[in-house]
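Residue numbers (the numbering used here), protein chains in the order written: chain A, 5 to 95; chain B, 231 to 545. Glycine included, C-beta positions come from ideal geometry on N, C-alpha and C. Predicted model only: the values in this text are computed from it and were never measured.
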Amino acid sequence: MTVEVRLPNILRPLAGGEAAVTAEGETLRDVFEDLGRQYPGLRGSLLTPEGEMHRHLNVFLNDDDVRYLGKLDAKVGAEDTVTLMPAVAGG
Amino acid sequence: MARYESVLDSIGNTPLVDISELSPNPRVSILLKLEGVNPAGSVKDRAAKSMVEEAEKDGSLRHGQRILESSSGNTAAGLALIARVKGYPFTVVVPENVSTERAKLLAAFGAQIIPSPAAEGSNGAMRRAQALAEQHPEWWFAFQYGNPANPKAHYEGTGPEIWRDCPEVTHFVAGLGTGGTIIGVGRFLKERNPDVRIWAIQPPAGEKVEGLKSLDEGFVPPVFIDGDGYSLLDRSRVVGPRESIKWARRLAEAGIFAGISTGAAMAGVARCASEIDEGTIVTVSPDGGWKYLSTDVWTGDLDEAAERARHELYF
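(1) Under 8 Å: do the segment 507-514 of chain B and the segment 524-536 of chain B share three or more Cβ pairs, one atom per stretch?
(2) From the DSSP output, in three-state form, read off Met-89 (chain A) for me.
(3) My parser needs the alpha helix (DSSP H) runs of 4 or more residues fully inside the segment 27-84 of chain A; what are they?
(4) Measure from the C-beta of Val-92 (chain A) to each C-beta in chain B and report whether the shortest distance is under 9 Å.
(5) Taking just the CA atoms, how far does Arg-357 (chain B) sit from Ile-428 (chain B)?
(6) Check each candidate in B:Thr-330, B:Glu-299, B:Gly-308 and B:Lys-334 and name the one with the smallest Cα separation from Val-323 (chain B).
(7) Go ahead and pull the three-state DSSP assignment for Arg-257 (chain B).
(8) Could you give the first and the last residue of the continuous beta strand (DSSP E) run that contains Pro-381 (chain B)?
(9) Closer than 8 Å, Cβ to Cβ, to anything on chain B: give me those residues from the segment 30-59 of chain A, in chain order.
(10) In three-state DSSP terms, what is Arg-357 (chain B)?
(11) Leaving out five residues on either side along the sequence, give the residues of the same chain with a beta carbon under 7 Å from the beta carbon of Arg-422 (chain B).
(12) Does the distance from the CB of Pro-381 (chain B) to the CB of Val-282 (chain B) come in under 9 Å?
(13) Apply the 10 Å Cβ neighbour rule to Gln-374 (chain B) and answer buried if 16 or more other Cβ atoms are within range, or exposed otherwise.
(14) Could you tell me which chain B residues have their CB closer than 7 Å to the CB of Leu-61 (chain A), listed as they occur along the chain?
(15) Check whether the Cβ of Asp-517 (chain B) lies closer than 8 Å to any heavy atom of the ligand NAP, and answer yes or no.
(16) The alpha helix (DSSP H) with Gly-414 (chain B) in it runs from where to where?
(17) If I'm right that Ile-506 (chain B) touches Val-267 (chain B) with Cβ under 8 Å, what's the distance once you round it to whole angstroms?
(18) Would you check if there are 3 or more beta carbon pairs closer than 8 Å linking the segment 78-90 of chain A to the segment 29-39 of chain A?
(19) Just to confirm, is the Cβ distance from Gly-416 (chain B) to Gly-389 (chain B) under 9 Å?
(20) Answer yes or no: does any C-beta atom of chain A fall closer than 9 Å to that of Thr-408 (chain B)?
(21) Using CA coordinates, which residue listed in B:Leu-261, B:Gly-354 and B:Thr-244 is at the minimum distance from Tyr-252 (chain B)?
(22) Sorted by chain position, which residues of the same chain lie with C-beta nearer than 7 Å to Pro-345 (chain B)'s C-beta, five sequence neighbours on each side aside?
(23) Could you confirm whether any beta carbon from chain A is found closer than 9 Å to the beta carbon of Asp-464 (chain B)?
(24) Following the continuous alpha helix (DSSP H) through Thr-330 (chain B), name the residue where it begins and the one where it ends.
(25) Could you tell me whether any Cβ in chain A is nearer than 9 Å to the Cβ of Val-527 (chain B)?
(26) Less than 9 Å separating the beta-carbons of Met-57 (chain A) and Pro-434 (chain B)?
(27) For chain B, find out if any of its Cβ atoms is closer than 9 Å to the Cβ of Arg-71 (chain A); answer yes or no.
(28) Based on Cα-Cα distance, which residue from B:Val-237, B:Glu-331 and B:Phe-320 lies nearest to Glu-368 (chain B)?
(29) Got a sec? Which residues, its chain only, sit under 6 Å from Pro-471 (chain B) by beta carbon, not counting five neighbours each side?
(30) Apart from the five residues just before and just after Lys-75 (chain A), which ones in its own chain have a Cβ nearer than 7 Å to its Cβ?
(31) Have a look at the DSSP bridge pairing and note the partners of Trp-370 (chain B).
(32) Would Thr-330 (chain B) be called buried (16 or more neighbouring beta carbons within 10 Å of its own) or exposed?
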């Protein structure tokens, strides 16, 4: 399964300056690991050394926060878009 | 209607209006709680009042002491009103890209405004306020992002009001800013009925985070973490400015004049209504449309309005 991954400004320099890249996988974890292989500099921003989600990275699968869809085990499908955003607050 | 001794007593007890005519699913009712009727114009009046009165009670805020906060506008307006009525001087750090109306409202209540760079967003304003708080230990820093009196206002006010007016609620959908509303209301509703589902709606971070140098500068409010937000929420979705404005316009067609964040919440409600078979969704309209008139939310071309909203803080 190939999915599109949209990157926020702060992560683009770690992925050759691209705003969106593609990656392969059945789950979000696969997608992140594939991204880490393609862009080794990006890996540390996607996953902690323990292989968990980064605390300040919000990951949306078609606009839905994956923290409530099984986190890294969330299944991805063709045509899906994964959007990465830094955690910020309003108020 | 009631008669009040003080304008501060008129905060809360807001109307809950059935707007099921906007529901994409005929088996799903939608009710919208109009927080724009609060005296400084938003849901944040509740948190502002709660934070000030808790601090008065525990002695951390004393007569004549200066109040400090950072805010994209609504919390600032609520605190400015309360500070004026109670006689506290008030200083607030506000990102310079909030709407003109917000800045002028603060001036009307006599707040001292310190602008912070647009590129740093709400988080930049917060960091500047934190630095000011360190320089001025004699001031009282409200710190809405970490002050337990913020969610408490919703646990003791907004939540019980919703339960009183709509005990058949199956889903609660609300915007995620400091986390105060969703943590306070969500916890209250789930304690009454564990089957109630809580959905958060957030704006895309995009334009707000130009100033971040790394992910480590990101911020999850202590109010959200301490309130165990990750286990309380059932879903969280991001809704962009275009869809938010589209829904603000649809609300106006139904006679509801509400701000852009209400449009965002409604976009989330519509998604929720389409995904569930039947139910009753309650959502919160954080503020009315007044403060956004200058941004042509209702009158201009939709794409142009969405593009402008991307550069302005509306949460």
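Taking the coordinates as given:
(1) Between the segment 507-514 of chain B and the segment 524-536 of chain B there are fewer than three C-beta pairs closer than 8 Å, too few to call the two in contact.
(2) Sequence index remark: in the first sequence, residue 89 (chain A) carries index 85 (1-based). If DSSP states are grouped into helix, strand and coil, Met-89 (chain A) belongs with the strands.
(3) For the segment 27-84 of chain A, the full-length alpha helix (DSSP H) segments reaching 4 residues or more read 32-42 and 47-50 along the chain.
(4) Position 88 of the first sequence, counted from the first residue, corresponds to residue 92 (chain A). Chain B, which has a Cβ nearer than 9 Å to the Cβ of Val-92 (chain A), makes this yes.
(5) The count along the second sequence starts at 1 and reaches residue 428 (chain B) at position 198. The count along the second sequence starts at 1 and reaches residue 357 (chain B) at position 127. So the alpha carbons of these two residues sit roughly 30 Å apart.
(6) Sequence index remark: in the second sequence, residue 323 (chain B) carries index 93 (1-based). In terms of Cα proximity to Val-323 (chain B), the closest of B:Thr-330, B:Glu-299, B:Gly-308 and B:Lys-334 is B:Glu-299.
(7) The residue you call residue 257 (chain B) lines up with position 27 of the second sequence. The answer is coil: DSSP assigns Arg-257 (chain B) none of H, G, I, E or B.
(8) If you number the second sequence from 1, residue 381 (chain B) lands on position 151. Here Pro-381 (chain B) belongs to no beta strand (DSSP E); instead the alpha helix (DSSP H) covers 379-383.
(9) Cβ contacts with chain B come from Ser-49, His-58 and Arg-59.
(10) Working through the second sequence from its first residue, we reach residue 357 (chain B) at position 127. It is helical.
(11) For the purposes of this step, residue 422 (chain B) is taken as the residue at position 192 of the second sequence. Cβ neighbours of Arg-422 (chain B) beyond the five flanking positions: Trp-393.
(12) Reading the second sequence from its first residue, position 151 is the one you call residue 381 (chain B). Reading the second sequence from its first residue, position 52 is the one you call residue 282 (chain B). For Pro-381 (chain B) and Val-282 (chain B), no; Cβs fall outside 9 Å.
(13) Position 144 of the second sequence holds residue 374 (chain B). Result: buried.
(14) On the first sequence, position 57 is the one that residue 61 (chain A) refers to. Those within 7 Å of Leu-61 (chain A) in chain B are Leu-445.
(15) This structure does not include the ligand NAP; it has no bound ligands of any sort.
(16) For the purposes of this step, residue 414 (chain B) is taken as the residue at position 184 of the second sequence. Here the alpha helix (DSSP H) through Gly-414 (chain B) covers 410-422.
(17) Numbered from 1 along the second sequence, position 276 holds the residue referred to as residue 506 (chain B). Numbered from 1 along the second sequence, position 37 holds the residue referred to as residue 267 (chain B). No, Ile-506 (chain B) and Val-267 (chain B) are not in contact; Cβ-Cβ is about 29 Å, not under 8 Å.
(18) Segments in contact, yes.
(19) To locate residue 416 (chain B), count along the second sequence from 1; it is residue 186. To locate residue 389 (chain B), count along the second sequence from 1; it is residue 159. Against a cut-off of 9 Å, the Cβ pair of Gly-389 (chain B) and Gly-416 (chain B) comes out as a contact.
(20) Sequence index remark: in the second sequence, residue 408 (chain B) carries index 178 (1-based). So yes, Thr-408 (chain B) belongs to the interface.
(21) Taking the first residue of the second sequence as position 1, residue 252 (chain B) is located at position 22. One point to set straight first is that residue 252 (chain B) is Leu, not Tyr, in the sequence displayed. Of the candidates B:Leu-261, B:Gly-354 and B:Thr-244, B:Leu-261 places its Cα closest to the Cα of Leu-252 (chain B).
(22) Taking the second sequence and counting its residues from 1, one reaches residue 345 (chain B) at position 115. Excluding positions up to five away in sequence, the list reads Val-324 and Glu-326.
(23) As a working note, residue 464 (chain B) is residue 234 in the second sequence. It does; some Cβ of chain A falls within 9 Å.
(24) Within the second sequence, residue 330 (chain B) is the residue found at index 100, counting from 1. DSSP places Thr-330 (chain B) inside the alpha helix (DSSP H), whose first and last residues are 330-338.
(25) Taking the first residue of the second sequence as position 1, residue 527 (chain B) is located at position 297. The C-beta of Val-527 (chain B) comes no closer than 9 Å to any C-beta of chain A.
(26) On the first sequence, position 53 is the one that residue 57 (chain A) refers to. On the second sequence, position 204 is the one that residue 434 (chain B) refers to. In this structure, Met-57 (chain A) lies away from Pro-434 (chain B), with their beta-carbon atoms at least 9 Å apart.
(27) Along the first sequence, one-based indexing puts residue 71 (chain A) at 67. Interface residue, yes.
(28) Counted from its first residue, the second sequence places residue 368 (chain B) at position 138. Nearest of B:Val-237, B:Glu-331 and B:Phe-320 to Glu-368 (chain B), Cα basis: B:Phe-320.
(29) Looking up residue 471 (chain B) in the second sequence gives position 241. Excluding sequence neighbours, Pro-471 (chain B) sits near Ala-536, Ala-539 and Arg-540.
(30) On the first sequence, position 71 is the one that residue 75 (chain A) refers to. Answer for Lys-75 (chain A): Met-57, listed in chain order.
(31) As a first step, residue 370 (chain B) is located in the second sequence; it is residue number 140 there, counting from the start. Assignment of beta-bridge partners to Trp-370 (chain B) by DSSP yields B:Ile-297.
(32) Residue numbering aside, residue 330 (chain B) sits at position 100 when the second sequence is read from its first letter. Under this definition Thr-330 (chain B) is an exposed residue.
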